[in-house]
Amino acid sequence: MTRLSKDMAIQPTIIMNNQMDKNSKIYIAGHRGMVGSALVRRIQAAGYRNILTRGHGELDLTSQAEVTRFLLQEKPDYIFLAAAKVGGIHSNNIYRAEFIYQNLMMEANIVHAAWQAGVSRLLFLGSSCIYPRDCPQPIREDSLLTGPLEQTNEPYAIAKIAGIKLCESYNRQYGTRYVSVMPTNLYGPNDSYDLENSHVLPALIRKAHEAKIQGKKEMVVWGTGRPKREFLYVDDMADACVFLMEKGISEGLFNIGAGKDLTIRELAETVKDVIGCTSDLVFDTGKPDGTPQKLLNVEQMGALGWRATTSLRDGIARAYADYLARAGTKGA
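This is how it looks when you write it as structure tokens:
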């Protein structure tokens with residue numbers, strides 16, 4: 036990747052206009068995933084009723100022909116682009132081709148067809164992994180493209196950077212109003228709890244639950260436990276996205292996070308405490324740690340009047356309740 040100076044990095048622009056209308060048609064791409072389903076909940080709660088969704092069986096977002104036909108036919112007023120192939124550090128590192136190909140195809144198809152269909156507004160959801168592995172903390176939006184990426188998830192990060200640049204380029208050339216948001220590590224209802232492919236927090240929830248009900252003396256955690264991570268409850272993320280669209284902010288790059296982080300060890304201890312697991316933590320140092328720290332600077336969102344409201348403990352408790360409901364189990 037070309038290394039750019041800080042002055043050459045993307046500079047977010049705020050344009051206040053074209054606020055959302057309650058009667059507008061809103062397409063949520065990826066509505067069945069954790070992020071997309073949170074957006075559906077938040078948008079419905081705000082009183083929007085003309086919500087457009089399609090499952091994978093109805094619409095293959097990696098097919099340019101299908102996406103173009105769909106958007107030209109439906110002509111939504113707004114698009115929330117939450118569709119993505121996602122996973123934890125293991126799956127990102129193993130399935131590198133799928134992560135870069137599928138994400139590139141989905142975002143390119145949707146952004147281009149949105150322009151063709153005359154879609155007035157689009158919000159693209161990226162990921163905090165777009166930022167350099169060793170950039171200054173907390174990470175500002177203008178840190179983009181200022182250094183090398185974390186190798187374990189580089190394909191996914193490059194795909195998401197391409198999505199940002201797609202929105203930026205279509206805005207500049209065609210006058211579209213497409214905004215990008217970069218959430219920190221998300222968790223909550225409809226998350227994946229697969230131990231091989233999930234993100235760290237849902238994996239810890241499952242491990243702590245199983246250790247609790249099986250009476251295990253030890254609970255194994257990947258890595259050293261020293262890396263620091265920031266976590267945001269997914270419904271807070273959805274609230275931030277709707278906040279930006281309702282404000283009429285239609286261009287730029289915005290970090291969305293909680294504004295504070297903790298070590299993986301501290302996270303595991305918190306998960307154990309919330310769930311009631313008394314097992315001892317054992318760290319598998321043969322597994323990768325990933326980026327040493329990844330805390331987002333959220334001053335832009337704060338200046339606009341938005342802040343996360345769900346505490347980590349409350350969020351973990353809600354996520355654990357969702358895990359129990361989906362697993363059809365009861366707490367011990």
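Just so you know, we're using this note's numbering here: the sequence shown kicks off at 36 and counts up by one. Ideal Cβ placement from N, Cα and C applies to all residues, glycine included.
For M280, the enclosing alpha helix (DSSP H) stretches over residues 269-282.
Ranked by Cα distance from I199, the first of A338, N290, L316, G68 is N290. With a minimum length of 3 residues, there is no unbroken run of beta strand (DSSP E) contained wholly in the stretch 324-365. L139 and V306 have their alpha carbons spaced roughly 34 Å apart.
Looking at the backbone, the Cα of C170 and that of G325 are separated by about 14 Å.
Assignment of alpha helix (DSSP H) within the stretch 63-120, counting only whole runs of 4 or more residues, yields 69-80, 99-109 in chain order.
Inter-residue distance for E93 and A194 is about 24 Å (C-alpha atoms, whole angstroms). For N220, the enclosing beta strand (DSSP E) covers residues 220-222. If you ignore the 5 residues before and after G294, its C-beta comes within less than 6 Å of the C-beta of V333, all in its own chain and listed in chain order. The beta-bridge partner set that DSSP reports for D319 consists of W257. With respect to P237, Y228 sits close: the two C-beta atoms are nearer than 7 Å. Excluding five sequence positions before and after I174, the CB atoms of its chain that fall closer than 8 Å to its own CB belong to S163, Y166, N290, K329, L330, L331, N332, given in chain order. Scanning its chain for C-beta atoms nearer than 6 Å, with the 5 sequence neighbours on each side dropped, one finds around D357 the residues P224, in chain order. According to the DSSP secondary-structure assignment, V216 is paired through a beta bridge with L160, F289. Using a Cβ-Cβ distance cut-off of 8 Å, the stretch 151-162 and the stretch 80-92 are not in contact, since fewer than three pairs of beta carbons, one from each stretch, lie closer than that value. The Cβ neighbour count for E109, taken over all protein chains shown within 10 Å, is under 16; the residue is labelled exposed.
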